[in-house]
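Using my numbering, the letters of the sequence shown map in sequence onto residues 410 to 916. Virtual Cβ for every residue (Gly too), placed ideally from N, Cα, C.
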Amino acid sequence: MDRLSRVLRKWWWLLPILLMVCMLLLPPALFGRPGGGHSYSGGSSSSGGGSSGGSGGDGDGLGLIILLFEYPQIGIPLVVIIILVRIYGARRAAPAETITTRSSTETMIWNRRKVDGALWDFRAGPDPEFSQTLFLDFAQHLYNQYHHHRTHPEINNLRPYFDPEIISNAAPKPNFRIDVSELAIGSLDFVNLIASKDKTFISVRFDANYTETIAGHSNRWWVQETWFFARNAQLRSPEPSVLQAVGCPNCGAALALSPTGECKQCKTIVQPGAQTWQVEGIQIGHREVQRGIPVGNYAPEQGTNLPTLFDPRLNHIGTVFAERHQLDSITDYAVVFKEKIVEPIFMTIYKAWTDRAFAPVRPLMSDNLFQAHLYWVEAYQKHKLINRLDDLRLTGVHLVKLDLDKYYEAATVRLFASVKDYTIQEDGTFYAGDQRNDRRYSEYWTFVRRTGVEKDEKLFNPNNCPNCGAPVDMGMTGICSYCNSKVTTGDFGWVLSRITQDEAYYG
410 MDRLSRVLRK WWWLLPILLM VCMLLLPPAL FGRPGGGHSY SGGSSSSGGG SSGGSGGDGD
470 GLGLIILLFE YPQIGIPLVV IIILVRIYGA RRAAPAETIT TRSSTETMIW NRRKVDGALW
530 DFRAGPDPEF SQTLFLDFAQ HLYNQYHHHR THPEINNLRP YFDPEIISNA APKPNFRIDV
590 SELAIGSLDF VNLIASKDKT FISVRFDANY TETIAGHSNR WWVQETWFFA RNAQLRSPEP
650 SVLQAVGCPN CGAALALSPT GECKQCKTIV QPGAQTWQVE GIQIGHREVQ RGIPVGNYAP
710 EQGTNLPTLF DPRLNHIGTV FAERHQLDSI TDYAVVFKEK IVEPIFMTIY KAWTDRAFAP
770 VRPLMSDNLF QAHLYWVEAY QKHKLINRLD DLRLTGVHLV KLDLDKYYEA ATVRLFASVK
830 DYTIQEDGTF YAGDQRNDRR YSEYWTFVRR TGVEKDEKLF NPNNCPNCGA PVDMGMTGIC
890 SYCNSKVTTG DFGWVLSRIT QDEAYYG
């Protein structure tokens with residue numbers, strides 16, 4: 410002990426250098442982004458918190474400590490060399506990492522615009538009836554039906570829309586049953602479109618959560634799946650009512666097939682993929698169990714400072730939109746759209762979220778988006794938590810994209826906002842977040858409505874039925890109790906269809 414004390418007194422000035430060495434040698438901490446109550450990302454294993462390849466740091470550090478104190482003439486130069494190498498390596502690595510990240514993002518943007526071009530050409534040529542909005546709604550409906558009926562007898566009714574092998578793999582198994590519940594689709598988008606002489610291929614990527622129960626044991630999963638659709642090149646898109654129903658492709662009746670594949674309504678043998686889109690493959694890119702409480706977690710915003718992505722065709726399509734609706738300019742309409750549609754819907758949704766009472770926003774959202782948000786609201790209630798959103802301010806709204814087809818119009822805006830975002834328990838006890846500082850963020854919101862709707866946006870009221878004007882009273886069905894109209898399909902005005910996080914939006 411006396412010898413160690415003498416050494417420490419002699420070489421005390423080395424302690425700052427020693428501290429620096431330890432910091433450089435120990436594995437770097439990785440600050441992962443946990444899956445929070447507002448996100449659809451997965452559990453702990455992908456969120457970071459560990460380091461790969463860093464297990465030898467402690468042993469190397471101890472060896473250097475001995476060298477510093479016992480043989481300073483060797484240890485000190487070695488420390489200096491290590492520090493210089495680390496600094497030089499960091500400077501070499503940083504630009505490369507930045508370039509890689511930027512190139513990856515630019516590649517994703519380029520791919521997304523390539524897909525947009527293919528979708529545009531497909532509608533302009535082989536299938537003028539094709540609607541991106543309608544197809545994504547159809548894909549979401551199939552996704553829900555497939556997962557809810559896996560290993561159940563009802564899966565056989567989906568045979569017209571799936572490759573026989575997919576149905577066979579999902580068919581009921583002896584003494585084995587999967588019950589899927591609480592399915593929430595976080596996002597979906599087109600990945601590719603290829604139109605050949607014989608077939609048309611479309612791929613769509615899903616980001617979703619669902620709960621699987623097997624033999625009484627439940628797991629909450631976060632999944633990323635790509636579905637591959639195909640259709641005979643000579644077929645054309647049907648009316649919205651036909652595609653949205655996902656019924657018998659021949660007569661449109663609700664799907665109920667005999668064991669031989671005969672529609673019980675029209676008595677026609679329905680051949681898989683003969684008359685409509687068919688899912689030919691499902692690729693699972695990621696599947697991960699969510700661990701811990703899924704709500705009340707917080708992570709840094711990722712893409713708030715990224716540049717806004719404007720669609721290259723915005724000016725051209727904006728001119729067509731203005732002519733279609735006899736407007737002075739798309740610029741003037743964007744201002745009205747921001748003030749009379751986006752802002753009221755934004756504020757209504759956020760108030761309902763904090764109140765954990767989501768019924769008031771039923772007429773403002775598409776069915777799928779509403780169900781996804783309803784799951785998270787109920788999750789907060791289940792865990793007796795309240796997500797407070799104080800001093801909410803919408804600081805910017807920019808129209809970035811328009812899409813027009815025979816049946817639907819879609820408008821995407823990037824909105825910027827700030828809020829004091831924190832979570833409390835039902836008794837008022839603070840749980841997580843930040844009560845004092847504003848959280849700045851941005852998102853891309855896509856609104857849709859049926860083509861041909863002509864309404865004065867200045868008269869829009871989020872608290873009234875968009876068809877009859879009566880106070881909102883439609884429960885979970887989206888059907889107004891006064892006029893008996895379903896108002897969540899965009900038939901009577903703009904409804905919110907998709908919310909995309911800024912770091913995940915590529916145009």
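On the three-state DSSP scale, how would you describe residue i?
| i | result |
| --- | --- |
| W854 | strand |
| P581 | coil |
| Y784 | helix |
| S906 | strand |
| N520 | helix |
| R848 | strand |
| L869 | The displayed chain sequence assigns Phe, not Leu, to residue 869. Looking at F869 - three-state DSSP - the assignment turns out to be coil, as it is neither helix nor strand. |
| S448 | At S448, the pLDDT of 44 sits below 50, so the modelled position is not reliable and the matter cannot be decided from this model. |
| V600 | strand |
| L715 | coil |
| A708 | coil |
| M756 | helix |
| V896 | coil |
| W686 | coil |
| V881 | coil |
| H626 | strand |
| A913 | helix |
| N876 | coil |
| Y816 | coil |
| T740 | helix |
| F901 | coil |
| Q834 | strand |
| K606 | coil |
| Q699 | coil |
| D800 | strand |
| V862 | coil |
Please report the straight-line C-alpha distance between residue i and residue j, rounded to a whole angstrom.
| i | j | result |
| --- | --- | --- |
| C892 | P880 | 11 Å |
| T717 | V809 | 8 Å |
| R922 | N706 | Shown here, the chain extends from 410 to 916; a query on residue 922 therefore has no answer. |
| D764 | W854 | 22 Å |
| S827 | F767 | 21 Å |
| F755 | D546 | 22 Å |
| G897 | P875 | Rather than Gly, the amino acid found at residue 897 in this sequence is Thr. Approximately 10 Å, taken between the alpha carbons. |
| A781 | S590 | 12 Å |
| R521 | W686 | 22 Å |
| Y816 | F779 | 22 Å |
| P647 | R532 | 13 Å |
| F730 | L813 | 8 Å |
| R700 | D836 | 25 Å |
| T858 | I691 | Residue 858 is actually Arg in this sequence, not Thr. Distance between the alpha carbons of R858 and I691: 30 Å. |
| Q711 | Y914 | 12 Å |
| T622 | D588 | 5 Å |
| E574 | L528 | 28 Å |
| R629 | H550 | 21 Å |
| E912 | T713 | 8 Å |
| N601 | L736 | 34 Å |
| I739 | A624 | 56 Å |
| V725 | Q790 | Residue identity check: residue 725 is His in the sequence provided, not Val. H725 and Q790: Cα-Cα distance of roughly 46 Å. |
| Q541 | Q834 | 42 Å |
| L798 | T804 | 15 Å |
| W636 | R845 | 44 Å |
For residue i, which residues from the same chain have a beta carbon less than 8 Å from its beta carbon, with the 5 sequence-adjacent residues on both sides left out?
| i | result |
| --- | --- |
| A642 | P535, A604, S605, K606, D607, K608, T609 |
| A580 | T560, I564, N565 |
| L471 | Note that L471 has pLDDT 41, beneath the 50 cutoff, so the model's placement of it is unreliable and no number is given. |
So if DSSP puts residue i in a beta bridge, which residue, or which two residues, is it bridged to?
| i | result |
| --- | --- |
| E538 | According to DSSP, which records beta bridges pairwise, E538 is partnered with nothing at all. |
| T763 | Paired residues: none, contrary to the question. |
| I726 | None, per the DSSP bridge assignment. |
| A617 | I594, V632 |
| H807 | R823 |
| N641 | K608 |
| I888 | K895 |
| A841 | T832 |
| L528 | In the DSSP output, where bridge partners are listed per residue, L528 has none listed. |
Taking 7 Å as the cut-off, is the CB of residue i close to at least one heavy atom of the ligand SAH?
| i | result |
| --- | --- |
| D536 | The ligand SAH is not among the ligands present in this structure, which contains no ligands whatsoever. |
Apart from the five residues on each side of it in sequence, which residues of its chain come closer than 6 Å, Cβ to Cβ, to residue i?
| i | result |
| --- | --- |
| R907 | T855 |
| D776 | T897 |
| T510 | Note that T510 scores 46 on pLDDT, short of 50, meaning its location in the model is unreliable; the coordinates nonetheless yield the value given after this. None. |
| Y742 | L736 |
| Y784 | E591, A593 |
Report all residues from its chain with a CB closer than 7 Å to the CB of residue i; omit the five preceding and five following residues, and keep chain order.
| i | result |
| --- | --- |
| F585 | T560 |
Nearest chain B C-beta to residue i closer than 8 Å, yes or no?
| i | result |
| --- | --- |
| W630 | The chain labelled as chain B is not found in the depicted structure, where only one protein chain is given. |
Does the region 814-826 come within contact of the region 737-754, defined as at least 3 CB pairs closer than 8 Å?
yes
Is the region 788-802 in contact with the region 691-710, if contact means three or more CB pairs nearer than 8 Å?
yes
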